[in-house]
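Numbered by the numbering used here, the letters in the sequence shown go through residues 2 to 247 in order.
Backbone N, C-alpha and C define an ideal beta-carbon position, used for all residues, glycine too.
Below is one structure, written out as structure tokens; the observations come after it.
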Amino acid sequence: MNQKAVKIAHISDLHLSGWLDRRQISALDRLFGHFAEEGFDHIVISGDLSNTASPGDWKIVKDALARHGLYRWETVTVVAGNHDLTNLEEEMRFYNALNPFTALKSMFFRKKLGEFCTCFREIITDNGNGNPAFPFIKVLNFPCVSLAIVAVNTVYPWFPADNPLGARGEISPGQLRALALPDVLASLKDSFVIGLCHHAYKVYGTDALIDQAFDWTMELKNRDEFLKAMKLMQADLVLHGHFHRF
2 MNQKAVKIAH ISDLHLSGWL DRRQISALDR LFGHFAEEGF DHIVISGDLS
52 NTASPGDWKI VKDALARHGL YRWETVTVVA GNHDLTNLEE EMRFYNALNP
102 FTALKSMFFR KKLGEFCTCF REIITDNGNG NPAFPFIKVL NFPCVSLAIV
152 AVNTVYPWFP ADNPLGARGE ISPGQLRALA LPDVLASLKD SFVIGLCHHA
202 YKVYGTDALI DQAFDWTMEL KNRDEFLKAM KLMQADLVLH GHFHRF
């Protein structure tokens, strides 16, 4: 590996369908095998590991990374996508859709997010003993550069009126406050800063009504606040997933 360069692989939206889909798992193994053989310095996965919010799919990815010697804090970073935390088919069942207790939905969502963080604890906290949660920051020191990855969660709960497809995104006020803390900003000094989230800052952004309707269902609601936070952190690059055509 050329020590004057850092090689990062960015993948997203795997949408795995469980252990029975051998074709998907075989393709995933080949992909991770390629990363290992080519000696990538870091791998970033920006959400939607699963297609049905199944913890089993998270484990497929985790185990595949481990098989290729890639499941290490300094080697891979993962964030959740809406399909990792929201099973739309389940949410739209009448007993959920007609549930008036939004606080209960939020509670179950936080529990699911906590399960995701626990699954990937070892690559969220550098010693595996801390509290795995969003946002989190990794500062990776390479011979040629200090690289900081700022990971935030942009997924929020399904609601029939505000988030009918479970695909809109929002960054919680708590995360935004955390990113603006003086100690956090100081930790990024002299680093090349990469922001990481699932939702795209912009989807289509056209005048076509059908595109605007699609934009609304997929948008990052408080994208301007997110952009402000990234500028405050002097981010050089932001990686995302979510918006894909195929």
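Terminal residues of the continuous alpha helix (DSSP H) containing residue i?
| i | result |
| --- | --- |
| residue 140 | No alpha helix (DSSP H) holds residue 140; the beta strand (DSSP E) holding it covers 137 to 142. |
| residue 240 | Careful: residue 240 lies outside any alpha helix (DSSP H), inside the beta strand (DSSP E) at 238 to 240. |
| residue 62 | 56 to 68 |
| residue 84 | 83 to 86 |
| residue 35 | 23 to 39 |
| residue 110 | 103 to 120 |
| residue 227 | 224 to 233 |
CA-CA distance, residue i and residue j?
| i | j | result |
| --- | --- | --- |
| residue 104 | residue 12 | 33 angstroms |
| residue 240 | residue 21 | 30 angstroms |
| residue 245 | residue 225 | 21 angstroms |
| residue 1 | residue 15 | Here the chain covers residues 2 to 247 and nothing more, so residue 1 does not appear. |
| residue 8 | residue 109 | 38 angstroms |
| residue 74 | residue 208 | 43 angstroms |
| residue 170 | residue 181 | 20 angstroms |
| residue 5 | residue 145 | 5 angstroms |
| residue 159 | residue 32 | 32 angstroms |
| residue 223 | residue 134 | 20 angstroms |
| residue 35 | residue 17 | 19 angstroms |
| residue 161 | residue 204 | 21 angstroms |
| residue 187 | residue 238 | 18 angstroms |
| residue 167 | residue 87 | 7 angstroms |
| residue 95 | residue 227 | Residue confidence is low: residue 95 scores 48 on pLDDT, short of 50, so the model does not pin down where it sits. No coordinate-derived value is stated. |
| residue 1 | residue 193 | No information on residue 1 is available, as it lies outside the stretch 2 to 247 that the chain covers here. |
| residue 153 | residue 190 | 19 angstroms |
Just curious, the beta strand (DSSP E) that residue i is in, first and last residue?
| i | result |
| --- | --- |
| residue 77 | 77 to 79 |
| residue 252 | Residue coverage of the chain in this structure runs from 2 to 247, which leaves residue 252 outside it and unanswerable. |
| residue 43 | 43 to 46 |
Using CA coordinates, which residue listed in the options is at the minimum distance from residue i?
| i | options | result |
| --- | --- | --- |
| residue 107 | 30, 182, 233, 173 | 173 |
| residue 81 | 142, 186, 56 | 56 |
| residue 138 | 146, 130, 150 | 150 |
| residue 83 | 148, 42, 165 | 165 |
| residue 58 | 26, 142, 229, 236 | 26 |
Are the segment 117 to 134 and the segment 210 to 227 touching by the rule of at least three beta carbon pairs closer than 8 angstroms? The segment 117 to 134 and the segment 210 to 227 do not touch, with fewer than 3 CB-CB distances between them shorter than 8 angstroms.
In the segment 146 to 208, which residue ranges form an unbroken alpha helix (DSSP H) of at least 4 residues, counting only runs that do not cross its ends? Fully enclosed alpha helix (DSSP H) runs of no fewer than 4 residues occupy 174 to 180, 183 to 188 of the segment 146 to 208, in order along the chain.
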